[in-house]
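Positions -23 to -1, 1 to 496 (mature numbering (1 follows the signal peptide of the UniProt record, and there is no 0)) are the ones given, in order, by the sequence shown. We put the CB at the ideal spot given by N, CA and C, even for glycine. So the structure is just underneath, and the comments pick up after that.
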Amino acid sequence: MEAKKLFGYAAAMSLLAFGLASCEEPENPGKNPTPGPSATVRFSVEVTEVTETSAKAEVTVRGDEAATWYAFVTDDLDTDADVLITSAVGELSDIESVLKTGNGEVEFTDLTSGTDYRVIVTGLAADGTVSGRAADEEFTTSRDPNDWSVNPDWSISYAGRGSYEIQTGTMYGDRIDIVMPDDDLSYYYILPVSVTEFEQVYKSSVATLANSLIEEFNAMIEENNTAYPDDPVFITDLLYSGANSWIMQPLANEQQYLFMIGIEPNGAYGEGLGLYAQSEAFTPAVEESSDGYKKWLGDWTVSGTGVLYDEETEATSEGTCSNTVTIVESIPNYEYTVYGWQQGLMGSYGESDAIGSVARYDASTGALSFVSSSDLGQVNTGSYGMGTVEFLGYCDGTSLGYQGEDVSINGEYDIAIATMSPEGTVTVTAQSIPLMGGQTVTLIGMQYYARVTVGGESGRLYWSVAHPRFSYGDFTMVKNDASGADASSASVARSSVRIVKKEAAARTYFPMNFSYMVK
């Protein structure tokens, strides 16, 4: 075990700065020794200023203001103060040079950043006699945000892919094993990062990666708690603790690192703990696609009533629309890419139509979920410039104060769930989404958007390409025959964009991709 350190307040400063020495000779040298503290003197100490490597403390003396005292710091937080005082005094070679009288400030330097310390003050006479009622206070030096080191007591490792029993049932995904001491109550976040991203984006710097994560979390918390003060989010809502196995959504099939980033709560927000663990580079396991997963692959015709848009008159009307949707494999037994929900979407801007949305497979039920996505790539929207492509669900905004308007929902959530009968009949059910602020809305459709900046303000564009809605009750999804005939309809309007500002945030705004695995 590392030896505990004791630091006298005079060790790093001149005595003159403390007023402990004088260049004048005393009137009666040797006849007026420094007075010691009486048995009734009491001390109190308050740490007033802390930096990465120093701390200041105010000492108050009660009962005998002429009493002399001595203050020191130690990183030993457990040993009884009397024992530490005896040890510290025994190491002094010139007691009289470190004594101080009256109320005053002491400063300790050459401390270690991000370390827990304890300042102790005791009455002390020149002859080494300890007296009075000692006082102490703990403090922690500030941490250099770029000072991150490996915690040798932590480990994080990849343990394979499959279906695992969790608290709420069964989950398919990648298993992450965490090892840490049972008495370690530290909070952490599990962050998978591809080797390429770590090297190119974060320049192989754990500090850059960790600080970026914490900055993002704190910004999200501030945004939520400002908008919804009655429904606050705390950093501990996003973190994990304890030595457990966690299941996360399957990772992309490329070399990855896993990081265990230590984060310390500070009110609602988080601060870097300065400790982390990192796995060896690994490539996630890839399974053969199951028959249940394969059933959803291929071309499908989606039909139903939607809102048609006349580009010349800008009038809208209800009408039947039909598109061919192609579902292709992305991550076997877990995820698909879906193309064609709004056919010809990007065509008028010379962009590729191949911007797919995301669907996920539930191995336990055989169902397919159309899920929201906030970043599917960049698209040139013409006069509005470059935009970030999103695929989101939307609701009738009447209950949110937008009479007769559609409101897009930010966040990560299931938009609609498709189930298939043994005969191959598909039923698609739109989902109800809890919003920040307490309301719940039922989604009526889903479509592509582009997040852009217009006039210095963030806004969202939507394409007026027709697509069927769930809310009319006539939505169908039928798999095409082997001929692969294109069932798309001429009723699809030409592509145009319109700006919309109406949006709400799902309560799942903070994604939690890990679930505790029942052992």
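Start-to-end residues for the alpha helix (DSSP H) that takes in ILE191: 183 to 204
Rounded separation between GLY251 and PRO227 - CA only: 28 Å
Three-state class that DSSP yields for ASP57 in the structure shown: coil
Considering only C-alpha positions, which residue in the set ASN80, THR51 and VAL170 is nearest to MET237? VAL170
Determine, using beta-carbon pairs with one atom in the segment 275 to 283 and one in the segment 199 to 216, whether at least three such pairs fall under 8 Å. no
Given PRO411 as reference, the closest of THR404, GLY370, ARG428 and GLN144 once Cα atoms are compared: GLY370
Is the Cβ-Cβ distance between VAL98 and ALA111 less than 8 Å? yes
Around the C-beta of PRO399, are 16 or more other C-beta atoms found within 10 angstroms, so that it is buried, or is it exposed? exposed
Residues that ILE212 bridges to, as DSSP identifies them: Bridge partners of ILE212: none, in fact.
Distance, ASP53 Cα to THR63 Cα: 14 Å
How far does the beta strand (DSSP E) with LYS456 in it reach, from first residue to last? 453 to 456
ASN230 and HIS444: beta carbons closer than 8 Å? no
Thinking just about the alpha-carbon of each residue, which of GLN144, ARG138, MET157 and ARG39 is nearest to the one in GLY150? ARG138
Compute the Euclidean distance between the alpha carbons of GLY333 and GLU382, then round it to the nearest angstrom. 26 Å
What is the DSSP secondary structure of GLN233, reduced to helix, strand or coil? strand
Check this for me: beta carbons of TYR253 and ASN128, under 8 Å apart or not? yes
Cutoff 8 Å; reference MET363; Cβ partners in own chain excluding five residues on either side: GLN355, VAL356, ASN357 and VAL429
Look at the alpha carbon of GLN408 and the alpha carbon of SER341, and state the distance between them as a whole number of angstroms. 19 Å
Name the DSSP beta bridge partners of ILE332, please? Looking at the DSSP assignment, ILE332 forms no beta bridge with any residue, so it has no partner.
Mind reading off the beta-carbon distance from VAL335 to GLU312? Whole number of angstroms is fine, and I expect it under 8 Å. 6 Å
Between the Cα of ARG337 and those of GLY296, GLU367 and ASP391, spot the shortest distance and give me the residue it belongs to. ASP391
Can you tell me whether DSSP reads GLU295 as helix, strand or coil? strand
Leaving out five residues on either side along the sequence, give the residues of the same chain with a beta carbon under 8 Å from the beta carbon of PRO122. ALA184, ASN188 and GLY249
Kindly indicate which residue of ALA395, TYR316 and THR51 has the alpha-carbon position closest to the one of LEU345. ALA395
Any chance you could list the beta strand (DSSP E) runs of at least 3 consecutive residues sitting entirely within the segment 335 to 363, in chain order? 344 to 348 and 355 to 357
Closest by C-alpha distance to ILE267, when choosing among ASP287, LEU215, PRO261 and ILE308: The residue asked about is misnamed: residue 267 is Ser in this sequence, not Ile. Selected option, being the one with the closest Cα: ILE308.
Cut-off 8 Å between Cβ atoms - residues of its own chain near SER119, not counting five sequence neighbours on either side: VAL27, THR28, GLU29, SER90 and GLY91
Bounding residues of the alpha helix (DSSP H) (the contiguous stretch that carries THR17): Run containing THR17: none; DSSP gives neither H nor E here.
On the DSSP bridge assignment, give the partners of PRO445 in chain order. GLY283
DSSP puts ALA34 in a beta bridge; with which residues? VAL24 and VAL83
First through last residue of the alpha helix (DSSP H) which encompasses TYR270: 268 to 271
Unbroken stretches of the alpha helix (DSSP H), 4 residues or longer, contained in the segment 103 to 187: 172 to 177
Taking Cβ positions, are VAL36 and ALA48 nearer each other than 8 Å? yes
Where ALA462 falls, given that 16 or more other Cβ within 10 Å makes a residue buried: In this predicted model, ALA462 has a pLDDT of only 34, less than 50, meaning its place in the structure is not dependable; the value taken from the coordinates is given anyway. It counts as exposed.
Excluding sequence positions up to five away, which residues of its chain have a Cβ less than 7 Å from the Cβ of MET397? LYS272, GLY343 and VAL403
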